[in-house]
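Notes to accompany the following structure.
Number of protein chains: 2
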Amino acid sequence: MKEGPDIAQIGALIGDPARANMLTALMGGKALTATELAAAGGITLQTASAHLAKLEAGQLLAQRKQGRHRYFALADDSVGKLLESIMGFAAGRGHLRHRPGPKEPALRKARICYDHLAGDYGVRMLDSLVAQGAIDAVGDGLALTADGESQLQSMGIDVRDLRSSRRPLCRSCLDWSERRAHLAGSLGKALLSSFFEKGWAHRTAGSRSVVFSPEGERQFLALFPAVS
Amino acid sequence: MKEGPDIAQIGALIGDPARANMLTALMGGKALTATELAAAGGITLQTASAHLAKLEAGQLLAQRKQGRHRYFALADDSVGKLLESIMGFAAGRGHLRHRPGPKEPALRKARICYDHLAGDYGVRMLDSLVAQGAIDAVGDGLALTADGESQLQSMGIDVRDLRSSRRPLCRSCLDWSERRAHLAGSLGKALLSSFFEKGWAHRTAGSRSVVFSPEGERQFLALFPAVS
DNA sequence: ACAATGCTTCGGTTACGATCGAAGTATGAA
DNA sequence: TTCATACTTCGATCGTAACCGAAGCATTGT
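Protein chains in written order, with my numbering: chain A, 13 to 240; chain B, 13 to 240.
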């Protein structure tokens, strides 16, 4: 009767509230120290250390020693994908941890989903790219058109370089707040990075939300007009 | 710091081995009674009853009373999708519960993934449909072509009828054994059903594996030739 | 009406794991 | 060397939830 992969193990890893909070914190894409993660989980350093060891043994996290710090990050983007998919599922069932708090609106507007843009702005960007003919959407799949490639090159994104990576260029990712797709994959990552580099937006301290500057917001909205 | 949906709750639900076994058993697509699920989980009826109540409260399961039996099934196909995605993740990390046992080969060859065909045969079917031009694959997305529609109609599948459902027609689903995509969605379901109706294949008792009859296998392989 | 089957509820036990204080190790700075 | 910071390991406590036996409902069959 015991068939297939062991889903209980990773379920249990994600199932502890402290660990779930730490993982959620790491969805911001930045590597964090054990101390920071302890704060995110609302537990002491010793307890966090035990949790982190388990998460690492389960291959959900990877650690990088750097001086006397120990940085933890999600093992790879498949972990981020998994977590976001569970979030989407949980949100669909109304399993929200809290009724919409003060920070929720900012999160819904624009946030980091591991390494790309999600939330209202993330959905808008993808919709707009599809409407402009830069991306072809078939079912759940996304593909960059020749037209879109030149369009992105002119925005300073080296598509050819991205293609060389093993990671898929375009990937749709379901948004837990909007319940619609936004752009993931290496292209999604590159776009978000370019927004940061241009100074259009920056990440906030202890949160996954992305804050746009007034000028950056203007540019973003002009570049990705709303789709009817 | 507490942001976003509560992934810990569903993680915990899936994280218990007994519950995970019951959910895995339900991935076979058939509704099962509490007694059957207790056996699948390796626990007594009382314990199973408590677990089932929790799973139902968490909206992972739906129950249907029928006479003095109580049938449990996955709440909807999004639950199946979630479980399969976790399985894919777990398999990728080598978190297999057992080293490949006697039943593994049959599971790898052909099995039910909630309501459609997975495993080697599932992958072959999709590859073949794509090679024949019946389905367009763009990135991860799948779309039925006009050509494919008539092709399927001639196989006795009423595509127009399927279109009317809210569920997507084509959907790709990542296989944990093959690590490649197979066909899900209402079309995937309809195809598997037709194989059962034609007597090409049948499901096995307490397992998710699908067994083809010699004649059914011949027909299937002829209809979906291997792709280079 | 009575028995049989299928499942739930109750009560009590048990075991596991999350937690933290305290002590130990490693790295860097003074 | 000495101190400070960052983290891990140890040891003990505690709470929760998984578990089962027994009793209680509910439905069906005779």
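Built from N, CA and C at the ideal position, the CB exists for glycine as well. Note that the structure is predicted; figures quoted are calculated from it, not measured.
- Chain order gives no chain B residues near S176(A), where near means a beta carbon separation below 8 Å; the closest approach is about 17 Å.
- Under the 8 Å criterion on CB atoms, A32(A) is classed as interfacial with respect to chain B.
- Nearest to V91(A) by C-alpha distance, out of A213(A), L35(A), D159(A), is L35(A).
- The C-alpha of R136(B) is placed about 20 Å away from the C-alpha of G168(B).
- The C-alpha of D148(B) is placed about 24 Å away from the C-alpha of V171(A).
- Residue environment for R183(B): buried (at least 16 other C-beta atoms within 10 angstroms of its C-beta).
- Contact with chain B is absent for P117(A), since none of that chain's Cβ atoms lies less than 8 Å from the residue's Cβ.
- At a C-beta separation below 9 Å, I22(B) has these neighbours in chain A: G23, I26, G27, I98, F101, A102, R105, H107.
- The beta-carbon distance between R31(B) and L25(B), rounded to whole angstroms, is 6 Å. This is short enough to meet the 8 Å contact definition.
- Out of W212(A), F236(A), A51(A), K77(A), the CA that lies nearest to the CA of P29(A) is found in A51(A).
- With a threshold of 16 other beta carbon atoms within 10 Å, Q78(A) falls short and is exposed.
- In the three-state DSSP reduction, T45(B) falls in the strand class (E or B).
- A Cβ-Cβ contact shorter than 8 Å links H63(A) with G53(A).
- Here P17(B) is buried: its Cβ has 16 or more other Cβ atoms, across all protein chains shown, within 10 Å.
- L195(A) and E48(B) have their C-alpha atoms roughly 42 Å apart.
- Contact annotation for L94(A) against chain B: S97, I98, F101 [CB-CB distance below 8 Å, chain order].
- Here V239(A) carries a coil assignment [DSSP, helix/strand/coil].
- Below the 7 Å Cβ cutoff, chain B contributes no neighbours of S198(A), its closest Cβ being approximately 13 Å away.
- Around the beta carbon of H128(B), 16 or more other beta carbons sit within 10 angstroms, so the residue counts as buried.
- Residue-level contact check: A149(A) touches chain B, since one or more beta carbons of chain B fall below 8 Å from its beta carbon.
- In this structure, the beta-carbon distance from D187(B) to G153(B) does not fall below 8 Å.
- Taking a beta-carbon distance threshold of 8 Å, L49(A) does not count as an interface residue toward chain B.
- Residues of chain A with a Cβ closer than 8 Å to the Cβ of S90(B) are, in chain order, F101, G104.
- Every alpha helix (DSSP H) of 4 residues or more that sits fully in the segment 186 to 214 of chain A is shown, in chain order, as 197 to 209.
- Per the DSSP secondary-structure output, L57(B) pairs with nothing in a beta bridge.
- Spatial neighbours of G41(A) in its own chain (CB-CB distance under 6 Å, excluding positions within 5 residues in sequence) are listed in chain order as I124, Y126, D127.
- When beta bridges are read from the DSSP output, C125(B) appears opposite H128(B).
- At least one C-beta of chain A is nearer than 8 Å to the C-beta of Q71(B).
- Boundaries around A102(A) are those of the alpha helix (DSSP H), 89 to 104, since no beta strand (DSSP E) includes it.
- Note: Y83(A) is bridge-paired with T45(A), R76(A) in the DSSP secondary-structure output.
- Taking the beta carbon of I19(B) as reference, the chain A residues within 8 Å of it are I26, A32, L35, T36, L95, I98, M99, A102, listed in sequence order.
- Counting along the chain, A149(B) sits inside no alpha helix (DSSP H); it lies in the beta strand (DSSP E) bounded by residues 147 to 150.
- Using beta-carbon distances, L164(A) does not count as an interface residue toward chain B, since no partner is under 8 Å.
- Taking the Cβ atoms as the reference, L174(B) lies roughly 6 Å from A202(B), within the contact range of under 8 Å.
- Within a 10 Å sphere around the beta-carbon of V239(A) sit fewer than 16 other beta-carbons, which makes this residue exposed.
- DSSP places G160(A) inside the alpha helix (DSSP H), whose first and last residues are 158 to 166.
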